[in-house]
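Number of protein chains: 2
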Amino acid sequence: MKHLVLVAHGSRREASNEEVRRLAERLRQLAGERYADVTAAFLELAEPSIPGAIQCCIERGAHEVVVLPYFLSQGRHVANDIPEQVQPKQAEHPQVTITIAPYLGAAEEGIAALLLQLAH
Amino acid sequence: MKHLVLVAHGSRREASNEEVRRLAERLRQLAGERYADVTAAFLELAEPSIPGAIQCCIERGAHEVVVLPYFLSQGRHVANDIPEQVQPKQAEHPQVTITIAPYLGAAEEGIAALLLQLAH
Numbered sequence: 003m004k005h006l007v008l009v010a011h012g013s014r015r016e017a018s019n020e021e022v023r024r025l026a027e028r029l030r031q032l033a034g035e036r037y038a039d040v041t042a043a044f045l046e047l048a049e050p051s052i053p054g055a056i057q058c059c060i061e062r063g064a065h066e067v068v069v070l071p072y073f074l075s076q077g078r079h080v081a082n083d084i085p086e087q088v089q090p091k092q093a094e095h096p097q098v099t100i101t102i103a104p105y106l107g108a109a110e111e112g113i114a115a116l117l118l119q120l121a122h
Numbered sequence: 003m004k005h006l007v008l009v010a011h012g013s014r015r016e017a018s019n020e021e022v023r024r025l026a027e028r029l030r031q032l033a034g035e036r037y038a039d040v041t042a043a044f045l046e047l048a049e050p051s052i053p054g055a056i057q058c059c060i061e062r063g064a065h066e067v068v069v070l071p072y073f074l075s076q077g078r079h080v081a082n083d084i085p086e087q088v089q090p091k092q093a094e095h096p097q098v099t100i101t102i103a104p105y106l107g108a109a110e111e112g113i114a115a116l117l118l119q120l121a122h
């Protein structure tokens, strides 16, 4: 049983956090049987936290958790902060496979195509 | 003659700004004849600024400038800060049409599909 955790930065503006939660909900609909569940989590400023969301997946029976960074650039958050929050959970639950997928900005070609659509 | 300005937040980490400039370069290749040029600009912390980039497009002969926000959420930057930097340039050059395209995060379905690809 595989769960997906969409990780965003988190904002003081609750509407932005809600946008992320709605996107996670949309991913859940699109994922079909690939993921038993998809949830949103936040690096800071909003709940649930990354470790909290991972713990919740495990308690609900996940054998595999994929952490997906919803970030455009490969900065400190993607390179350091997210791995630092994931690693203790992996150490605590060695029977569960926890992986970090590439961040959104890494999908350069797809993003370039989307941007051109938006620009008309 | 239509120019596209890809606007990112800007980072103290120069590699992140370079990622945006490379993306603008990629857009220029993909745009074909739709845009005479595509350049990157930054809301803060990096150069060129938004007004500086727009001015440069106009000096190079643009009759139309499309400003494309490279942002995931509809926060203060997208709602207020970018329009506030664009409006004085429009007032200064009424003969040029300057429009702001939807921000990247508004392309929900496309982003959801990209995220699922990244998650495998």
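Quick note, the sequences are listed as chains A and G, same order. Just remember that this note's numbering sits 2 ahead of the position in the first sequence, which is counted from 1. Just remember that this note's numbering sits 2 ahead of the position in the second sequence, which is counted from 1. By construction, the Cβ of each residue, glycine as well, lies at the ideal position given by its N, Cα and C atoms.
Query, Result
"Nearest CA to the CA of lysine 4 of chain A: which residue from A/Ala26, A/Glu35 and A/Val22?", "A/Glu35"
"State yes or no: is the C-beta of valine 67 of chain G within less than 7 Å of the C-beta of isoleucine 56 of chain G?", "yes"
"Tell me the rounded alpha-carbon separation between leucine 118 of chain G and leucine 106 of chain A.", "10 Å"
"Helix, strand or coil: which one does DSSP assign to alanine 51 of chain G?", "The displayed chain sequence assigns serine, not alanine, to residue 51 of chain G. Of the three classes helix, strand and coil, the one that applies to serine 51 of chain G here is strand, per DSSP."
"Could you name the residues of the segment 15-28 of chain G whose beta carbon sits closer than 7 Å to any beta carbon of chain A, in the order they occur along the chain?", "Arg15, Ser18, Glu21, Leu25 and Arg28"
"Below 7 Å CB to CB, which residues in the same chain sit around asparagine 19 of chain G once its five sequence neighbours on both sides are set aside?", "Gly12, Ser13, Phe44 and Ala48"
"Drop a sphere of 10 angstroms on the beta-carbon of threonine 41 of chain A, count the other beta-carbons inside from all chains shown, and report buried for 16 or more, exposed for fewer.", "buried"
"Applying a beta-carbon distance threshold of less than 7 Å, which residues of chain A neighbour proline 104 of chain G?", "Leu120"
"In or out: arginine 78 of chain G buried (at least 16 other Cβ within 10 Å) or exposed?", "exposed"
"In the structure shown, what three-state DSSP assignment does glutamate 46 of chain G receive?", "coil"
"Does proline 96 of chain G pass the burial test, meaning 16 or more other C-beta atoms within 10 Å, or should it be called exposed?", "exposed"
"For alanine 17 of chain A, is the classification buried or exposed, using 16 other Cβ atoms within 10 angstroms of its Cβ as the cut-off for buried?", "exposed"
"Assign arginine 62 of chain A to one of two classes, buried (16 or more other C-beta atoms within 10 Å of its C-beta) or exposed (fewer than that).", "exposed"
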